[in-house]
Amino acid sequence: MNNLARFILIVALPLPLLASTSESAPGTTSVQSVANPMHPSFALLDEQGHSIQTSGAELSVNKTCGACHDADYINSNNQHWVDGIHANCLQCHMAPGTPAWTIDSLGPDGLLRKEAVQLTSATPEQCAQCHGLVHAARPPLSLPDDFSTRMATGTDPQEYDWTRATGEIFSGQKIEESYLNLQDRDSQKQPFDAHASRMVSCSSCHYSSNNPARNDHVQGQLSYLQKDPRKLTFSQYLQRPNHKLVNAQCTDCHSPLAGHKFLTQRERHMEVLSCQACHVPSLHGPAAKLEDRTLPLPGASDIRTWRNLEGDDGQPISARFISAYSPFLLPHAEINGTPRLSPFNLVTRYEWVEAGTGRPVDIAVVRAALLQNDAIHPRLSALLDTNANGHIEPQEAVLDTQEKQNLVKDLLMASGVAQPEIRGHSEAFKVAHGIVGAETAVRDCEACHGRDSRLSGDIDIGEVPHAFPSPTAGPVASTLLGGQLAITDGRIQWKRADDFHELYVFGYSRRGWSDLAGLVLFSFASLFVLLHAGRRIATRNRRKQVHSETVRVYLYSTYERLWHWLMAFTVILLMLTGFEVHYPDYVTLLGYRNAVSIHNFVAVVMVANAFLALFYHLSSNAIRQFIPGRSRFLEELLAQAKYYSYGIFIGAPHPIKKTRQRKLNPLQQVTYLGLLNVLFPLQVITGVIIWMSSRWPGVFESIGGLKFIAPVHNVGSWMFLTFLVIHVYLITTGHTLTSNLSAMVDGYDELDKDHDETTEG
Amino acid sequence: MSKLRHFWVVGIVAVVVGLVFYLGIVRPPLEPERELAPKYEPKTRDHVDHSPYFTDAFATPQDVTRACLECHPEAATEVMKTQHWTWLGDEVEVPGHPGKQRIGKANLINNFCIAVNAGNYAGCTKCHAGYGWRDKDFDFSRQENVDCLVCHDNTGNYLKGEGGMPAPGVDLLAVAQGVGYPKRENCGYCHNYGGGGLGVKHGDLDNTLDNPSENDDVHMGREKFTCTECHSGGHHNVKGRSMSVSVEDSNNVGCTDCHGEQSHRDERLNAHTKSIACQTCHIPTFARRVPTKTDWDWSKAGDPNRADDVHHYLKIKGEFVYGTEIVPEYHWFNGTSERYLLGDKIDPSKPVDINNPLGDVRDRNARIWPFKVHRAKQPYDLDNKVLVPPRTSGEGGFWHKFDWNEALRLGAQDVGLDYSGHYGFVETIMYWPLSHMVTPKEQALGCDDCHGSQGRLNWKDLGYDQDPIVAGGRP
């Protein structure tokens, strides 16, 4: 009978938890069973393969299920087992709420009675036994009492590590309906996870990789095949289901390009952002910052610093105030090698490690070593209890001196651990759940496009506890790009690089040299203009007033004025919007998204205008105005330069007279040749390349990518601005201050009469 | 030439216009556009102050009506065409019954107070929009008997009593001086109290709607609707219908009168609208504040040893169950229903449907609707197998003598049924489709409220093989 009692106990072990989650809330109708009605009945077998009804021996789940399913194959192809978690079949496959099997569950034929066969593919309730806060039931979600104190051990894998690492909660419940002590909870109308609320359960995305019913994820497929039609039959699969579960990607189900129409550069965004970057704007569970597992006393919390909790360690976890936090967007190389921004939380963890193998010492072993007769080892207790009140307060439960560490080390060695030592590592935990739908996803461009945005700032990962070694970067953290782990004055930080490796984010990334070059150029030009204007003003009385006779001449045709002013208008708009895109912290006129849209639209107008003007100049032969004459060109160029630097101050006449045949002086010809043949094409080409970065990413990367092209475009815009300043200044050097301007407005200029201006039209 | 002097300005203006066109119309919007109800604007019509018109006291309520008709000569004829006056609908085919007939409150049986025409006129017609309906010989052609005040009193000082007459003590002059357009309280005066008390009948109509919060009713709470914004219609022909007294769906009010059927942002939700009524998701529970009656056992009535307790037992009415925040029952409904008519044979071995909704999973016009279901045990003739309406409030009725046999004999005589003298009690069911107390969208049902192992819909009963989230919707 002893054996029977044990059998009941074993089968009933996972069940209390399941039963508690399947209670239906008042007001709901009956809970429909999720059990597979087709599963045949079977005998319960012991380790020897005999029915326990006759042998009275202990139930062997492996033998019982293994009678039909290939238990050895399943266990060796089971990620849980690979990770050292030896979950048995029933822990994941017994339908929630199933009554425990007893000897009465067996029929006269020795098989389980039909109604006792309540088996199912794993439900969220079962995953929730070990994987943090997965909540599928009706009652409001709340933090379990042991949320902060339970630590996984080899024999007790039940833990909340997954939620504690990032704050992720997988539940379809609306956040406002939960019992979390959460800031602004009542305004959070969205569910914790949009998939959970839409009945996408854990196994919808984490399913057996050889399940023939699922053909949306075929591993090792050939490039010319989308799917492989050759599959296991269902009977083969049921015998040997591969328990290395798939981690489905968002795009296995979703077509991101079917939506997101509001985004400019859609394809580029999809390429460099994980879906979660925008669709997990914030997380609502308590997330750790620094964990200390070196002193796992029963009932004590191993988390020293929480990222988003108020209150102190002495308080019950559910009484502490949670504030949602935005996970950190960090660039990370995906499996296919492309760097992509994904949300992470960074956590530093300290634990005892066997120095030889580098393997962490099981918490159960450490805990056993610390205890003597179920109480804290008296030597340790004496050392820890610094205020000698007979209790170990949370703030005392830390190995903050070498003496305490050495004592624990001795205790560990005494219990058989070879070369124990404390090691810390700072690890990055990627956020995959807690998805929100389009309504609450990040939509504002400024969330990333700006110097002070979600991409900026160093990330605090706690302080190195007293007498502890500095942590090293964990396996995932060491594959992060664009930053590094840094410990300064005991403070552990992820220091972001000034620019993300391989990623150029408008508004956030700046290339120092391009900004500097542009600014220097612009400053020199402005300074020159100011000095020159100052000198002109200072010398204005000394200049003799020359009143040569002038004549009004129709100098600029309607079309010439049209294309000029269109060009001026579009260039000014382009510079305004361009600077807003590049320096959103300084220029905020139109909003980021508007600035991008206007920039793209106006650029098209400007290019069209330029080509029409080119056609006009070629067909009307007006192009010769811009071509320097061969004879005396250099001489005239020097004369014009000399005029601007000297003659203009003493009232000397213009060295080259403006005529209808010759509207531009040599200096202007050179400038416009450069402007129209070098700078203008440069801006157009780099602009088009940036625009098409979305469409042809391969071509784009091969010519240097955004990190090269964008700064060039930036320098070009500074040069345009410089030109604009000089241009506007020099039009004041006509007959009168405004005569050049008014010529471009109405077409008529005042020209010296002594030139042959007799014919018109 | 001078005409073209500033032609370049035209060019710039053209670019600006093009830019605005691009930004405003061509460019995809940041927030996807949604098809919402046209922005609601309350119809703030000022009603003419009637106090100067009336100076002398009125001797009878009919005098008030005559005074109204002097200026509104068509009003009485209009009202007299409506069911508020006739308590009968237009001629209609009742499923399972030959020919066409007029049915309505006046000649139907229900499972609350059972029947008006079983000699109970004077008690029931307290809610008739007329004066003096005390027996079957009431003259429906007399205009002065139309009660203008019950709908148009804006003072809150008008009460009706026996036979629909004003309650004793009502100051008719003051009420007449204060008439206006119908307020929520005017409609609620009868409709919130159907079945003999606050919230008894409908489950989605009670006096919370007099001044509701937006969580009680988003239309009336947040948008400040009055009843007549939806239940509109000129010439006193108020739109709307109740399945308890009607079997068809014409001249009704519907959500899609204002809202588009495809007004959700989520395509998947829009796909639901061909099988799910709006109300199903947007009225997650009913009787959210005021309890409504869900069970009524007439067979327990008349026990002199039980104390009266208004929500549990009354000697004249029997035993009740009230509930709040009730999850509706869900059935297919295509807008039409069957109806138990007086004289129809019943099968006493199972519950009798009085007005079950029509439609099933194969009916393209049917959608899954939320219902308040009211179950009762009411008397029937053991030998003739028909429901018999007892005389209750009328003279010699059950409420006075507590004698079922006598009450049923009188009632049967009134409605023209044979009564064998042997009675029993049979369970009957009435269905009340829910349309009021619509919640804000944040509180609408989500996927897992209906789908999955804990869903509230019973897919097998609705005619599906299994949960359509797995197996797909109806073809």
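Chains X and R, in that order, are what the protein sequence lines are.
Per my numbering: the first sequence = residues 1 to 761.
Per my numbering: the second sequence = residues 1001 to 1475.
In this text, a Cβ means the ideal position worked out from N, Cα and C, and glycines have one as well.
None of these values were measured; they are calculated from a predicted model.
Identify whether residue i lies in helix, strand or coil by the three-state DSSP scheme.
i, result
"Y1121/R", "helix"
"G1318/R", "strand"
"A1106/R", "coil"
"F522/X", "helix"
"R340/X", "strand"
"T658/X", "The sequence given here has Lys at residue 658/X, not Thr. Here K658/X sits in coil by DSSP."
"L589/X", "coil"
"Q48/X", "coil"
"T233/X", "coil"
"E1223/R", "coil"
"K409/X", "helix"
"N345/X", "strand"
"S453/X", "coil"
To the nearest angstrom, how far is it from the Cα of residue i to the Cα of residue j?
i, j, result
"V1048/R", "V1079/R", "21 Å"
"R540/X", "Q669/X", "28 Å"
"V678/X", "G698/X", "26 Å"
"W1432/R", "E1406/R", "31 Å"
"M151/X", "S702/X", "50 Å"
"W513/X", "L519/X", "10 Å"
"A486/X", "S426/X", "10 Å"
"L566/X", "L503/X", "35 Å"
"Y1419/R", "K174/X", "58 Å"
"F524/X", "E267/X", "40 Å"
"L111/X", "Q53/X", "9 Å"
"A622/X", "W1008/R", "19 Å"
"A25/X", "C1227/R", "Residue placement at A25/X cannot be trusted, given a pLDDT of 39 that sits under 50; what the coordinates show is reported in the next sentence. Answer to the nearest angstrom: the Cα atoms are 34 Å apart."
For residue i, I'd like the list of residues in its chain whose CB is within less than 7 Å of its CB, leaving aside the five on either flank, ordered along the chain.
i, result
"A71/X", "N62, C65"
"S739/X", "D749, E750"
Going along chain X in order, which residues have a C-beta closer than 8 Å to the C-beta of residue i?
i, result
"V1290/R", "None at all; the shortest Cβ gap to chain X is about 17 Å."
"V1015/R", "L566, F569, T570, V602, V605"
"G1007/R", "Before going on, a small fix: residue 1007/R reads as Phe here, not Gly. Within chain X, the residues near F1007/R are T558, R561, L562."
For residue i, return the contacting residues in chain R, with the cut-off set at a CB-CB distance below 7 Å.
i, result
"K261/X", "P1028"
"R443/X", "L1030"
"I169/X", "Those within 7 Å of I169/X in chain R number zero; the least Cβ separation is about 15 Å."
"V34/X", "S1453"
Once you ignore the five residues that flank residue i on each side, which residues in its own chain have a CB closer than 8 Å to its CB?
i, result
"Y1464/R", "V1361, A1471, R1474"
"E1070/R", "none"
Give every residue of the same chain whose Cβ lies closer than 6 Å to the Cβ of residue i, excluding the five residues on either side of it in the sequence, and list them in chain order.
i, result
"S1337/R", "M1243, V1247, N1355, P1357, L1358"
"S323/X", "Q183, N308"
"S1393/R", "N1120, G1123, W1399"
"R1289/R", "T1208"
Closer than 9 Å by beta-carbon distance: list the chain X residues that pair up with residue i, in chain order.
i, result
"I1283/R", "Under the 9 Å cutoff, chain X gives no residues; its nearest Cβ is about 14 Å from I1283/R."
"G1203/R", "Within 9 Å Cβ-Cβ: nothing; G1203/R doesn't reach chain X, min ~14 Å."
So which residues of chain R does residue i contact, with C-beta pairs closer than 8 Å?
i, result
"N594/X", "L1023"
"D746/X", "R1005, H1006"
"M199/X", "C1447, D1448, H1451, G1452, I1469"
"S597/X", "Y1022, L1023, R1027"
Legend entry - Any 3 or more C-beta pairs closer than 8 Å across the segment 1202-1209 of chain R and the segment 1423-1441 of chain R: Contact check between the segment 1202-1209 of chain R and the segment 1423-1441 of chain R: three or more CB pairs, one atom from each, fall below 8 Å, which counts as touching.
Legend entry - At least three beta-carbon pairs within less than 8 Å, the segment 170-182 of chain X to the segment 356-364 of chain X: Taking a cut-off of 8 Å on C-beta distances, the segment 170-182 of chain X does not touch the segment 356-364 of chain X, as fewer than three cross pairs fall below it.
Inset, instruction - Please determine if the segment 1142-1160 of chain R and the segment 1065-1076 of chain R are in contact, where contact requires at least 3 C-beta pairs separated by less than 8 Å. - result: They touch, by the three-pair rule.
Legend entry - Segment contact flag, the segment 272-280 of chain X with the segment 429-442 of chain X, C-beta cutoff 8 Å, min 3 pairs: Three or more Cβ pairs drawn from the segment 272-280 of chain X and the segment 429-442 of chain X lie within less than 8 Å of each other, which places the two stretches in contact.
Inset, instruction - Spell out a yes or no on whether the segment 293-306 of chain X and the segment 131-150 of chain X are touching, meaning 3 or more CB-CB pairs, one atom from each, closer than 8 Å. - result: yes
Inset, instruction - Spell out a yes or no on whether the segment 1308-1327 of chain R and the segment 1337-1350 of chain R are touching, meaning 3 or more CB-CB pairs, one atom from each, closer than 8 Å. - result: no
Legend entry - Cβ contact check for the segment 280-300 of chain X and the segment 368-383 of chain X: 3 or more pairs under 8 Å: yes
Inset, instruction - Determine, using beta-carbon pairs with one atom in the segment 1412-1431 of chain R and one in the segment 1263-1281 of chain R, whether at least three such pairs fall under 8 Å. - result: no
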